[in-house]
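In our numbering, the protein residues as written are -18 to 328.
We treat Cβ as the ideally placed atom computed from N, Cα and C, and that holds for glycine.
Everything numeric in this text was worked out from a predicted model, so none of it was measured.
What follows is one structure encoded as structure tokens, with my remarks underneath.
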């Protein structure tokens, strides 16, 4: 059953967020300047609308410090196959709390994603922090190394399904393929504890591995091509919306990144480095387009969490995965989107 929250409760939660959400977060979090997030979708002119929506984030993200010389216009770099590899995350202790029973007076947030979420299942992880900031029960179904799209050797037929992509997890949630697909992963244990009928928000975080796997952005013949990034996002959004119409969906774009060669040589960033299909920034942009067209909420991770060319050393662990600070800023921005939407929809 869908839960409704009073404005006062949401306002109180927002205050908790801005003050650090209790002693624990207060000791660890220094609040950044307020980032304005427009969660409403005005029309179907996706790219101009997204540019307007994120203009402030973009200006702040690329604001040059006074003591830094403006770099020359970057040349485009084609990454070699051996350079399109996801760095391994050092093994982390799993300390996340999976609710045994969902509290009726709490939000329920279900996360679907890759190692950006799966690699940090502790109190510094994005899912856990978002739960603290929103006073929510969270269920993290992310699996590292996964894409949104099907890969070339994976079948789209339910009876032959083996893919653990976004579409695969959504198919398990919707009962289209066997839950055994999640066996051997932490996501499987979390799945067994979750009643998806209680879900208020599905957070979909994919795109980095689609870039590294050279997944096409979109298909020529279909907006719902499961072997493309755009098609995969559309399929997942539509399936979740059909099954759980009361839940809100948040599409999160991939984050800004730096790419390094096998010998440690810097190769370029998400704006200048191509996989032969597109630059990483293009995966971010089409994610925003899908959110606009399908009227979901959208989180501009690429430009909106303070991560850019000048802060990459502080916000990234290995060029791709977020540091503790990066994860903290990600969770705070995501929580703002959720709490703002909770307030406005109950007016």
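- In this structure, 126 is the residue among 126, 165, 108 with its C-alpha nearest to the C-alpha of residue 188.
- For a cut-off of 8 Å, the C-beta gap from residue 233 to residue 184 is around 6 Å, short enough to register as a contact.
- Ranking 296, 108, 107, 275 by CA distance to the CA of residue 222 puts 275 first.
- As DSSP reads the structure, residue 254 sits in a beta bridge with 58.
- For residue 294, the enclosing alpha helix (DSSP H) covers residues 293 to 296.
- Taking residue 163 as the centre and dropping the five residues before and after it, the same chain places the C-beta of 153, 169, 172 closer than 7 Å to its C-beta, in chain order.
- Membership of residue 265 in the alpha helix (DSSP H) is indicated by the continuous run 261 to 275.
- Secondary structure at residue 152: helix, using DSSP grouped into helix, strand and coil.
- For residue 319, the three-state secondary structure derived from DSSP is helix.
- When DSSP reads this structure, residue 124 sits in no beta bridge, so it has no partner.
- DSSP places residue 107 in the helix class (H, G or I) of the three-state scheme.
- Here residue 260 is buried, its C-beta having at least 16 other C-beta atoms within 10 Å.
- Look at residue 79 here: in three-state DSSP terms it is coil, with no helix or strand label.
- Look at residue 192 here: in three-state DSSP terms it is helix.
- With contacts defined by Cβ atoms closer than 7 Å, residue 288 and residue 236 form a contacting pair.
- For the stretch 210 to 243, the full-length alpha helix (DSSP H) segments reaching 4 residues or more read 210 to 224 along the chain.
- Nearest Cα to residue 88 within the set 197, 301, 180: 180.
- By the neighbour-count criterion, in which a residue is buried when 16 or more other Cβ atoms sit within 10 angstroms of its Cβ, residue 250 is buried.
- Relative to residue 200, the option among 79, 212, 139, 246 whose CA is nearest is 212.
- By DSSP's assignment, residue 184 forms a beta bridge with 92, 231.
- Shortest Cα-Cα distance from residue 209 to any of 219, 217, 202, 197 involves 197.
- The three-state reading of DSSP puts residue 279 in strand, counting E and B together.
- Within the model, the alpha-carbon separation for residue 176 versus residue 268 is close to 28 Å.
- Closest in C-alpha terms to residue 86, from the list 116, 240, 74, comes 116.
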